Amino acid sequence: MSRSIGFKPMALREFDKAISRYERDKPGLGGRFATEVNSLLERVKANPEQFPQIASPVRKARVIDFPYSIYFVDSRQKIIVVAVHHGSRDPEKLKRRLR
Numbered sequence: 666m667s668r669s670i671g672f673k674p675m676a677l678r679e680f681d682k683a684i685s686r687y688e689r690d691k692p693g694l695g696g697r698f699a700t701e702v703n704s705l706l707e708r709v710k711a712n713p714e715q716f717p718q719i720a721s722p723v724r725k726a727r728v729i730d731f732p733y734s735i736y737f738v739d740s741r742q743k744i745i746v747v748a749v750h751h752g753s754r755d756p757e758k759l760k761r762r763l764r
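Yeah, the sequence shown ends on 764 if you go by my numbering, and it's all consecutive.
Here you go:
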C-alpha cells in the first residue's frame, strides 16, 4: 500500500502562495516550482527516512533550484506536510510551529 500525501492547512496556503508569487514574477515559474515540489514529495513517499530529522518527528526535504524546504511527518500510512518554508523567512517562527 502506497502512502498518501496530506497538507496541514497552513502548509497548503504557503505552497499555493509560493506558486502564485513565482507565477506573477515569471509566467511558467510557478508551474515549475509546483512540479519540483511534487517530484520531491514522490521521493519523500518512497523513502522518507532518507531526509534528515530536524525535530522529532519532523523531517526536512529541500526543493531543488528553489529556496524552499518541505517539512513533513511520516505517520507510516500518510506523509503530512507541516510547512513549506522559504529559506529567508524567520526560522524562529518555523521552530515554534514545529513543536
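Each residue gets a CB set at the ideal place from its N, CA and C atoms; glycine is no exception.
Remember, it's a predicted structure, so these values are computed and weren't measured experimentally.
- Close CB contacts of Y687 within its chain, under the 7 Å cut and outside five residues either way in sequence, are with L694, G695 and F698 (chain order).
- V746 sits away from P722, with the two beta carbons spaced by 8 Å or more.
- When rounded, the separation of the alpha-carbon atoms in P717 and T700 is 22 Å.
- Spatial neighbours of R708 in its own chain (CB-CB distance under 8 Å, excluding positions within 5 residues in sequence) are listed in chain order as Q715 and A726.
- For K725, the enclosing beta strand (DSSP E) has its first and last residue at V723 to R727.
- Nearest in C-alpha terms to A711, of all of R762, S669, L759 and M675, is S669.
- Each residue's CA atom was taken as its position, placing P674 and S704 some 20 Å apart.
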